[in-house]
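So for the sequence shown, the working numbering puts the first residue at 100; every next one is plus one. For reference, the structure discussed in these notes is given below.
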Amino acid sequence: MTIDACSNWDYRSNYSWGFRSLFCRTRNPWGRARRRNHRPGVQVLTPIFQLAVAIPMLAAGWRRLHDTGRPGWYLLLPAALSIVTMIMLFSGIAVFSVLEQGADDPEALRGPAALLGITGLMVVAVLQLILLVLMIWWLSRPSQEGTNEYGPPVV
Numbered sequence: 100m101t102i103d104a105c106s107n108w109d110y111r112s113n114y115s116w117g118f119r120s121l122f123c124r125t126r127n128p129w130g131r132a133r134r135r136n137h138r139p140g141v142q143v144l145t146p147i148f149q150l151a152v153a154i155p156m157l158a159a160g161w162r163r164l165h166d167t168g169r170p171g172w173y174l175l176l177p178a179a180l181s182i183v184t185m186i187m188l189f190s191g192i193a194v195f196s197v198l199e200q201g202a203d204d205p206e207a208l209r210g211p212a213a214l215l216g217i218t219g220l221m222v223v224a225v226l227q228l229i230l231l232v233l234m235i236w237w238l239s240r241p242s243q244e245g246t247n248e249y250g251p252p253v254v
């Protein structure tokens, strides 16, 4: 018996329909992962699929934010936070590497470096969680009635 958890939803917008459809088709626990010949290590087409899905979902999310009266670039905030985090981590590693080379006792710097790194990652994780909840909230809100600054409502 197959249970389709995604068949009885009331689709209110293209974005929610696309997201739910994509989520249900790629995360179906009764599908491909149960097969004996499923090899998770051999996934050559995964990056191509992710790119092919990410671009239309980004466009749909951008339009959905405009429908709710918010700028579409808000959708890029989680990615921007990730990029800034990577830059800060690599910069911190580089700075502490240089400091270790010039220090008399390099082992003394490893504790503060680890503390700063772990604290920074925890702060970023909390910020990402807040952004996730905020994005879900914004994208699930009803469209604004009438024309907003981004144009008339889509029929």
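Beta carbons are placed, not taken as given, at the ideal position from N, Cα and C, and that holds for glycine.
What's the gap between the Cα of residue i and the Cα of residue j?
i: Trp237; j: Met156; result: 15 Å
i: Val194; j: Ala212; result: 10 Å
i: Glu206; j: Gln149; result: 42 Å
i: Tyr110; j: Ala178; result: Residue confidence is low: Tyr110 scores 39 on pLDDT, short of 50, so the model does not pin down where it sits. No coordinate-derived value is stated.
i: Ser196; j: Gly117; result: 46 Å
i: Thr52; j: Leu230; result: The structure shown has nothing for residue 52, since the chain only spans 100 to 254.
i: Val232; j: Pro146; result: 26 Å
i: Leu144; j: Ala153; result: 14 Å
i: Leu92; j: Gly210; result: The displayed coordinates of the chain run from 100 to 254. Any statement about residue 92 would go beyond what the structure contains.
i: Arg240; j: Leu228; result: 19 Å
Compute the minimum distance between the beta carbon of residue i and the heavy atoms of the ligand NAP, and state whether it is under 7 Å.
i: Ile235; result: Inclusion of the ligand NAP in the displayed structure is not the case, the ligand content being empty and no account of it being possible.
Residue i bridges to which residues according to DSSP?
i: Gly250; result: Asn247
Might you give, ordered along the chain, the residues of its own chain that have their beta carbon closer than 8 Å to the beta carbon of residue i, omitting 5 neighbours on each side?
i: Leu226; result: Leu180
i: Ala202; result: Leu208
Give me, in chain order, the residues of the same chain whose beta-carbon lies closer than 7 Å to that of residue i; leave out the 5 immediate sequence neighbours on both sides.
i: Val253; result: Asp166
i: Glu199; result: Pro205 and Leu208
i: Trp161; result: Gly171 and Leu174
Within the chosen definition, does the stretch 163 to 183 reach the stretch 228 to 248 through at least 3 CB pairs nearer than 8 Å?
Using a Cβ-Cβ distance cut-off of 8 Å, the stretch 163 to 183 and the stretch 228 to 248 are in contact, since at least three pairs of beta carbons, one from each stretch, lie closer than that value.
Runs of 4 residues minimum, wholly inside the stretch 141 to 205: which ones carry the alpha helix (DSSP H) assignment?
Segments of the alpha helix (DSSP H) lying fully in the stretch 141 to 205: 145 to 166 and 176 to 201.
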